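Remarks on the structure that follows.
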Amino acid sequence: MLLTRRTPSSTGAAPSGLVSSLARGVSRAIPTMDRRAFLRRSGLGVGAGLAATQLTLVKKAQAASETKGGDAGAKVEVKRTVCGHCSVGCAIDAVVQNGVWVRQEPVFDSPINLGAHCAKGASVREHGHGEYRLKYPMKLVNGKYERISWDQALDEIAKKMLALREQSGPDSIFVIGSSKYNNEQAYLLRKWVTLWGTNNTDHQARICHSTTVAGVANTWGYGAMTNSYNDMQNAKAALYIGSNAAEAHPVSMLHMLHAKENGCKMIVVDPRFTRTAAKADEYVRIRSGTDIPFLFGVLYHVFKNGWEDKKYLHDRVWGMDKVREEVLAKWTPDKVQEVSGVDEATCYKVAKIMAENRPGTIVWCMGQTQHTIGNAMVRASCILQLALGNIGVSGGGANIFRGHDNVQGATDVGPNPDSLPGYYGLAEGSFKHYAAVWGLDFDWIKSRYAPGMMTKPGMTVSRWIDGVLEKNELIDQDSNLRGLFFWGHAPNSQTRGLEMKRAMDKLDLLVVVDPFPSATAAMAAMPGRPEDQNPNRAVYLLPAATQFETSGSITASNRSIQWREKVIEPLWESRTDHMIMYQLAEKLGFGKELVKNYKMVKGKGGLEEPETESILREINRGVWTIGYTGHSPERLKAHMRNMHVFDVKTLRARGGVDKETGYKLDGDYFGLPWPCYGTPAMKHPGSPNLYDTSKHVMEGGGNFRANFGVERDGQSLLAEDGSHSKGADLTTGYPEFDHLLLKKLGWWDELTDEEKKAAEGKNWKTDLSGGIIRVAMVNHGCHPFGNAKARAVVWNFPDPIPQHREPLYSNRPDLVAKYPTHDDRKAFWRLPTLFKSVQEANKDIGKEYPLIMTSGRLVEYEGGGEETRSNPYLAELQQEMFVEINPRAANDRGIRNGEYVWVRTPPMAQVPGFKGIKVKALVTERVDAETVFLPFHFSGRWGGVDLAPYYPQGAMPLVRGEAVNTATTYGYDSVTMMQETKTTLCQIERA
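Residues in the sequence shown are numbered consecutively from 80, following the numbering used here.
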């Protein structure tokens, strides 16, 4: 049977708008195919039950719209939203009847997901029912959670915060934000903590891609994915290293499989044979944590055979000669095999495939980032792509897949401890810039901070535990942390769970703001050590609305920004995050300043909250650095209404006029992938592929950023003559634009009088008029951030050329001696940070703990897993926490498949009576005999004990299991404080 588009009968009732849209999408994406292919391509084949449900729903959608009787007066609306799980950005049409979310439909018009969904995306409607959600504010009283009113909760929290501020200063509070916020909420929280007076704030990006942001930005300018999921269809080779996209980003594989149909060679490098590896042309198994030796082993053959792009390196890259010298000397094939386990023939084969199939792309995720040398690993990936000339070209790029639906946006404009929104940093000039944007007095903002602390980066989410537990005299701030907000963050996603429990017990204030109580609630309520108990501790749970109960923008991994419509009103007693921020700010004394520029609207229960569109307009006025200025709400909404006009490969609109506003879409790239420079009126189309000199800057083109000076060691850091974006008036390298450069070039008088007033003494990042950007880009085709060379050598990092260093817990003492870690640091992100002392103390630990323990994702769950394990459809698919263990390792320990086992790690020896984490054994050859794998989505069990009694009544996830991070060990990246979760040691025995 073939599914073909059926011509509507002239006598039948007219189909609904929704069904017509679905039919258009199907005919556009899949005009003729068999039933099996239809199910596979639409993402409905994830399970018989889900497939049947979805197919039934498509039929019902037509019936609902056509039936006039039987349901008279029923109001049916279709709200367009975006999946709330990974960063692909799959669009969903939510069907709402009389305010109830009754169905969901895939959006076949979406150029990103083409109507496809994974298991998680296909079941998001469960958010609209929320049986297992946190339903109302609660307080921990005598070990049990009791219901309280919002007024009581907000009053008591604010009173406690003000008391802590009076006693210990504003830095005694740490606020963990969320990668699940929309952009507006993420931005508002950074503003909120700034007005409170601290930089002690952070969010999920710290522990997933902070090493990427730092490493990549310091290589060529921006720390984000360079191309797009769609553009991968143009790749002729693809190297996945430390990415299991088939489970972590399932719909992204749709584009990769299209590329394979066109001959793309797919290589997967991973310690584990993953579902992504099952689709590869070549699978390479490496020892966990040895990405640099492998990548440089490949680069060795690139250099040895003269396969590097010599002209590209001459024109656009600085320092590759030093890298070449080091790689050829230090990473000979025997050394590569000794460290990584990959032989010469395999490295040569990978190098040959990448060299002969250009453009080629590289994909990495947390398999590369979550190491003590994560910053160096990602730079090694960048260096390989630069050597091959694969950056700044379609089909090439560094395609860095982010984890959560808005972790990219939260990183860009949200709560980072070392930067104001837009990566402006913490210099006084940055605060003055935002004082102007916010319409506030700079000196008043400065007065909110403790003396000398405004320009000092805060602690990180990965280390808040030590902010509580560390000796006060060793902390680089006046007070230890005493109060903590988990505002949309899962504690089981962080390492050192055993110590985290102790830190929670010692706090004076713990506030959880979340649609679900999360593992925090159970951890806080369960019994701890008597000596850690703080009798004055107060614990509160505040029910936040989900992202389907508000509106706002989110940024996908490819930098495209989409606008979510509000699907339903907040359920139960939940309130939107931005309403809660405003209400707390009012009680803390800075509510008026927080919302000064915003239109206030009626939210849940008629209570006031800032309008999300108003917050986005403030972002548009201030975030010039990364081009969040061109994304007006009107442009984003027009894109969402007209997805069908965007090309599924290039993402560019081919004609199209928005019926609602008359906005002409022609030439825009879908979602205006940042940077979308200038004001919305300038109509920059967005930048689909960063650093692409083949396009004019007003067509989305660009070049590498001049962000590291103009000269180093007597050599120019600017691009060579003739290397520039298409049509640029300056045909050589040039620095970033400011008022002085504009005057030197004779372009100053092209500004209007108003623009001159705003631009005087400013650069392109701080000129609030956008005039400098307009003149450079529109009038002269030049990039406002300059035109420079990428850096193969990053002189401001601990290892200017990436170095392999053994993890702190290694089972290879011979390699620890050859490749030792960094020296300890006394004050790093306000805390002492240990490297060599831990490694030296544990250099022989492999005798007792011989197995390398690594972790990763499952397709059924997301992040800490609390919301997905509370979804009955997903919970049914994956009911047990498990450990993958090789048959040889299992046999040596007398372990059979399906049996319970204890997984023990070194920190557990310090906890009397703690046997380990109890999980089921999955005996498989996916892992080798010295490696075990555990997923990280579980919580709700602790050392074999079910924590069910400690959750709030009625708000417990359906599936509970041990958290792998109860077992993980100490270890942090030397630049960003990323936690090391991918390489530590354990022992396993039968339970």
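Built from N, CA and C at the ideal position, the CB exists for glycine as well. The structure presented is a predicted model; accordingly, all values stated were derived computationally and were not measured.
- Beta-bridge partners assigned by DSSP to S636: none are found.
- With a beta-carbon spacing of about 6 Å, P500 and V702 fall inside the 8 Å limit used to define contacts.
- Secondary structure note for N478: its beta strand (DSSP E) is the uninterrupted segment A477 to I479.
- By the beta-carbon neighbour count (other beta carbons within 10 angstroms, threshold 16), R226 is exposed.
- R481 and A296 have their alpha carbons spaced roughly 15 Å apart.
- Each of A664, I659 and E672 was checked against the Cα of L686, and the nearest Cα belongs to I659.
- In this structure, the CA atom of V980 is about 12 Å from the CA atom of C1065.
- Under the three-state reduction of DSSP, N721 is assigned to coil, being neither helix nor strand.
- Taking the Cα positions, Q449 is about 15 Å away from H282.
- The straight-line gap separating the alpha-carbon atoms of E919 and T900 is approximately 9 Å.
- The three-state secondary structure of C461, taken from DSSP, is helix.
- Out of K339, W443, I647 and A1042, the CA that lies nearest to the CA of M960 is found in A1042.
- By the Cβ-count criterion, H568 is buried, with 16 or more other Cβ atoms from all chains shown falling within 10 Å of its own Cβ.
- Spanning the alpha carbons of P649 and N279 requires a straight line of approximately 29 Å.
- The segment 429 to 442 makes contact with the segment 317 to 327; the number of CB pairs closer than 8 Å reaches 3 or more.
- A residue is called buried when at least 16 other Cβ atoms come within 10 angstroms of its Cβ; L463 meets this threshold and is buried.
- Beta-bridge annotation (DSSP): T440 is paired with A317.
- Note that the segment 227 to 240 touches the segment 615 to 631; at least 3 beta-carbon pairs, one per stretch, sit closer than 8 Å.
- Under the three-pair Cβ rule at 8 Å, the segment 859 to 873 counts as touching the segment 774 to 791.
- Sequence-distant partners of K645 (beyond 5 residues in either direction) whose C-beta falls short of 6 Å from its own C-beta, in its chain, are T629 and S630.
- Residue range G670 to L673 is occupied by the alpha helix (DSSP H) that includes K671.
- Residue pairing for K525: DSSP places it in no beta bridge.
- Taking the C-beta atoms as reference points, G750 is found no nearer than 8 Å to I647.
- Among the bridge pairs identified by DSSP, A359 is matched with none.
- According to the DSSP secondary-structure assignment, K158 is paired through a beta bridge with A173.
- Between A430 and V381, the C-beta spacing is below 8 Å.
- By the 16-neighbour rule on beta-carbons within 10 angstroms, G684 is exposed.
- For a cut-off of 8 Å, the C-beta gap from P892 to K922 is around 5 Å, short enough to register as a contact.
- A869 and I851 do not touch by the CB rule: their CB atoms are close to 24 Å apart, not below 8 Å.
- Between A1034 and L268, the C-beta spacing is not below 8 Å.
- Closest by C-alpha distance to A717, out of Y1030, G735, D726 and T729, is G735.
- Closest in C-alpha terms to F627, from the list S636, G757 and K158, comes K158.
- For A232, the enclosing alpha helix (DSSP H) starts and ends at W229 to S247.
- The three-state secondary structure of D747, taken from DSSP, is coil.
- Boundaries of the beta strand (DSSP E) harbouring L219: M217 to V220, taken from the DSSP string.
- The way I'd put it, the segment 705 to 721 doesn't touch the segment 666 to 684; fewer than three beta-carbon pairs between them come closer than 8 Å.
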